[in-house]
Amino acid sequence: MKTISYGTITTPQLGVLGVGFSEHGLVRVNFLDEPDQFPHKLGPAVEAKAAPEDKRVADLLRQIQGYLAGERTMFEVGIDWSGMTEFQRETLQATFAIPYGETRTYGEIAAQIGRSRAARAVGRAEATNPCALIIPCHRVVGADGKLHGYSGAQGLKTKAWLLAFEGGR
56 MKTISYGTIT TPQLGVLGVG FSEHGLVRVN FLDEPDQFPH KLGPAVEAKA
106 APEDKRVADL LRQIQGYLAG ERTMFEVGID WSGMTEFQRE TLQATFAIPY
156 GETRTYGEIA AQIGRSRAAR AVGRAEATNP CALIIPCHRV VGADGKLHGY
206 SGAQGLKTKA WLLAFEGGR
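Quick note: to get the numbering used here, add 55 to the position in the sequence shown (first position is 1).
Below is the structure:
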């Protein structure tokens with residue numbers, strides 16, 4: 056059984072965020088109601104025991120603080136892609152590459168990964184993003200320019216806030 060090192064941060068903008076790392080990189084970013092929820096929010100797909108914070112966790116929490124302070128536009132962190140399907144990994148890697156302040160549509164992501172007719176499947180992969188905020192699924196919008204789905208914090212309200220914060224809308 057692998058170990059997930061984790062830690063939490065409470066922010067005025069997004070509430071409580073929990074982050075978790077495997078030995079291969081970041082595996083989870085969860086929006087939480089309470090800081091002590093994180094070990095229970097790993098989910099059944101992650102068979103692991105939770106361990107207290109390590110250096111990588113502390114570094115990412117500082118990066119999140121810098122991002123929310125407007126001092127950082129990207130995160131320097133390795134992602135553990137191993138728990139994802141090939142399609143989800145391709146989709147989220149394309150999403151991870153969307154620059155700060157820009158958006159893409161689900162259809163544009165589908166075309167980028169060579170599956171131009173898979174916009175809905177891209178939406179589903181975005182909905183199951185295990186590392187929200189860091190893999191910026193909030194930067195993916197509908198073909199009509201509207202916001203469609205966001206599972207973090209207060210849903211679409213949070214997605215709209217993040218896009219406005221980044222100047223992308």
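Where a beta carbon is used, it is the ideal one built from N, C-alpha and C, also for glycine.
Specify the secondary structure class of glycine 200 as computed by DSSP and reduced to three states.
DSSP places glycine 200 in coil when its eight states are reduced to three.
Per DSSP, what are the beta-bridge partners of cysteine 186 in this structure?
Paired residues: Val84.
Determine the extent of the beta strand (DSSP E) in which isoleucine 164 is found, giving its start and end residues.
Element bounds for isoleucine 164: not the beta strand (DSSP E) but the alpha helix (DSSP H), 161 to 167.
Do you know offhand how far alanine 124's Cα is from alanine 166's?
Near 34 angstroms, if we compare the C-alpha coordinates of alanine 166 and alanine 124.
For alanine 215, which residues of its own chain have a beta-carbon under 7 angstroms away from its beta-carbon, when the five flanking residues on both sides are left out?
Counting only Cβ-Cβ distances below 7 angstroms, and skipping sequence neighbours, we find Leu202.
Just to confirm the assignment, what range does the beta strand (DSSP E) spanning isoleucine 59 have?
From DSSP, the beta strand (DSSP E) with isoleucine 59 extends over 57 to 66.
Taking the beta carbon of proline 191 as the centre, do at least 16 other beta carbons fall within 10 Å, making it buried, or is it exposed?
Counting Cβ neighbours within 10 Å, proline 191 comes out buried, since at least 16 surround it.
Is the Cβ-Cβ distance between phenylalanine 86 and arginine 111 less than 7 angstroms?
It is not a contact, given that the beta carbons lie outside the stated cut-off.
So, at 8 angstroms on beta carbons, what are the nonlocal neighbours of alanine 100 in its own chain, with the 5 sequence-adjacent residues on each side left out?
Below a pLDDT of 50, predicted positions are generally treated as unreliable, and alanine 100, at 49, falls in that range; no measurement from the model is reported.
Quick check: the segment 108 to 122 against the segment 65 to 85, are at least 3 beta-carbon pairs closer than 8 angstroms?
Output reads yes: the segment 108 to 122 touches the segment 65 to 85.
Could you give the distance in angstroms between the alpha-carbon of glycine 208 and the alpha-carbon of arginine 170?
The residue asked about is misnamed: residue 208 is alanine in this sequence, not glycine. For alanine 208 and arginine 170, the distance between alpha carbons rounds to 30 angstroms.
Helix or strand or just coil, what does DSSP make of valine 132?
Reduced to three states, the DSSP call for valine 132 is coil.
Among Asp199, Thr158, Arg144, which one has its Cα closest to the Cα of arginine 179?
The option with the nearest alpha carbon to arginine 179 is Arg144.
Identify every residue that forms a DSSP beta bridge with alanine 106.
DSSP lists Ser60 as partners of alanine 106.
Does DSSP classify glycine 222 as helix, strand or coil?
Glycine 222 falls in the coil class under three-state DSSP.
By DSSP's criteria, serine 206 is part of a beta bridge. Which residues make up the other side?
Bridge partners of serine 206: none, in fact.
Pull up the CB-CB distance for arginine 194 and arginine 159, whole angstroms please, since I reckon it's below 8 angstroms.
Confirmed, Cβ separation roughly 7 angstroms.
Given a threshold of 16 other Cβ atoms within 10 Å of its Cβ, counted over all protein chains shown, does isoleucine 128 qualify as buried or as exposed?
Correcting the residue type first, residue 128 is threonine in the shown sequence and not isoleucine. That one is exposed.
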